[in-house]
Amino acid sequence: MTASGSDFASVLNDAIKSRGLTLERIRHRLEELDVKVSVATLSYWQNGRSQPVRAHSGRTLAALEEVLELEPGTLVSTAPMSAKRRRSGNGPGPLPIPKTVEEALLQAGLSRDHLRTVSTHVTAMVAPDRTQSSEVIRKVAQCVVGGAKDFPLVVQDDDGDPDGGEEVHGLSNCHVGQRIVIPQKELAVTQMLLPRSLRQGEYIMFEYMTTLAPTTEPTQMMALAVPHTGEVVMEVQFSRGAVPKRVVGYTASPEDELTVSHPAAVELPVSEGLAQLIKLDVPPSLCVVQWEW
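Each step along the sequence shown adds one to the number in the working numbering, with nothing skipped, and position 258 is 240.
And the structure:
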């Protein structure tokens, strides 16, 4: 049976009551395990107002199970993980990213600093069963270091399976080169090769498609980490019969809790199944389209 947000909230709430710990005490215990989660986030999870669908999955939930003296896997098995994959450094930088990602790029011999993102256009397709199987990314970038001939894509998976079925396909002006999986860091780095070396100052547009691992869990969000970018367009095409009751869009910092009630969230109209978030002159941030079924 597929886990739901209410399953997770119920299990977590019962565990917290059983242990008799305050949320502040739980936060402190987690911090002792080198896991940082705010009291507000714990409260949202406990009350079902939000779900651990981004970088909080595997390691954080395992630590929470330890603090609450639960059997391993109790929370992980009930958490809705449809958005557990999170791309870091997805294309040209610069964007502040975790040290582990920088180390992975160094190990792969790749750099995010040779190209500057000018615009990003992402289109995600949501199937009739409410799952997402793929997304198409089109970027315009400028070469800032003469001779640039590739760019990295990084997949970070919090369940420890960075090579768990996700594939990348070059569609226009790029193709897949080497792929390095670093299980101990829960990372996979894919080298995307450009058709030729670029001149400094030269512009290029390229397009690729990411095919996601099969799932039965309904998707609820598309989140994209972007550097300072002139234009970001995020589109979600919902199939007929699978149109959510509410769609919002917003930009957030990496530390924010991603929820439809985010302070910056604005309602997005859905016309013929299509929702669009368009942002101009975007600072380094997470651009998010999120919905409720």
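Virtual Cβ for every residue (Gly too), placed ideally from N, Cα, C.
Fair warning: this is a prediction, and the values are worked out from it, not measured in the lab.
- Exclusion of the five residues before and after A247 leaves V230 and Y232 as the residues of its chain whose Cβ lies within less than 6 Å of its Cβ.
- Residue nearest to H103 within the set G223, A205, A45 and W273 is A205 (criterion: CA-CA distance).
- For V271, the number of other beta carbons within 10 angstroms of its own is at least 16, and it is reported as buried.
- From the listed residues V127, G129, K131 and E148, the smallest Cα separation to V137 is found for E148.
- Rounded to whole angstroms, the Cβ separation of I162 and L176 is 18 Å, and the two are not in contact under 8 Å.
- Remark: fewer than three beta-carbon pairs, one from each stretch, lie closer than 8 Å, so the stretch 188 to 202 and the stretch 256 to 269 are not flagged as touching.
- Residue burial annotation: E117 is buried, with at least 16 other C-beta atoms found within 10 angstroms of its C-beta.
- Residue burial is scored here from C-beta neighbours: V127 has fewer than 16 other C-beta atoms within 10 angstroms and is therefore classed as exposed.
- Contact annotation: the stretch 105 to 115 touches the stretch 202 to 220, with at least three C-beta pairs closer than 8 Å.
- Judged by beta-carbon spacing, L92 lies within the 8 Å limit of V171, meaning their Cβ atoms are closer than that value.
- In this structure, DSSP gives S(-8) a helical state, which the three-state scheme calls helix.
- In the displayed model, A130 falls within coil according to three-state DSSP, outside both helix and strand.
- The secondary-structure analysis by DSSP pairs A170 across a beta bridge with V137 and V163.
- Non-local beta-carbon contacts of A90 in its own chain, meaning distances under 8 Å to residues more than five positions away in sequence, involve P134, Q160, I162, V171 and Q173 in chain order.
- According to DSSP, residue pairing for R11 in a beta bridge does not occur.
- When only Cα atoms are considered, R1 and E13 end up about 18 Å apart.
- Residue state for E249 is assigned as strand, using DSSP reduced to three classes.
- Counting along the chain, no alpha helix (DSSP H) covers W275, and no H or E run does either.
- By the Cβ neighbour-count rule, A86 is buried, with 16 or more other Cβ atoms within 10 Å of its own.
- The DSSP-derived three-state label of L24 is helix.
- Taking 8 Å as the cut-off, the beta carbon of P266 is found no closer than this to the beta carbon of P226.
- Burial is judged here by how many other beta carbons sit within 10 angstroms of a residue's own beta carbon; A207 has at least 16 and is buried.
- Among the bridge pairs identified by DSSP, I260 is matched with V215.
- V58 and T42 have their C-alpha atoms some 9 Å from each other.
- Looking only at C269, L262, D263 and V264, the smallest Cα-Cα distance to V242 is reached by C269.
- By the 16-neighbour rule on beta-carbons within 10 angstroms, I(-2) is buried.
- Look at S243 here: in three-state DSSP terms it is coil, with no helix or strand label.
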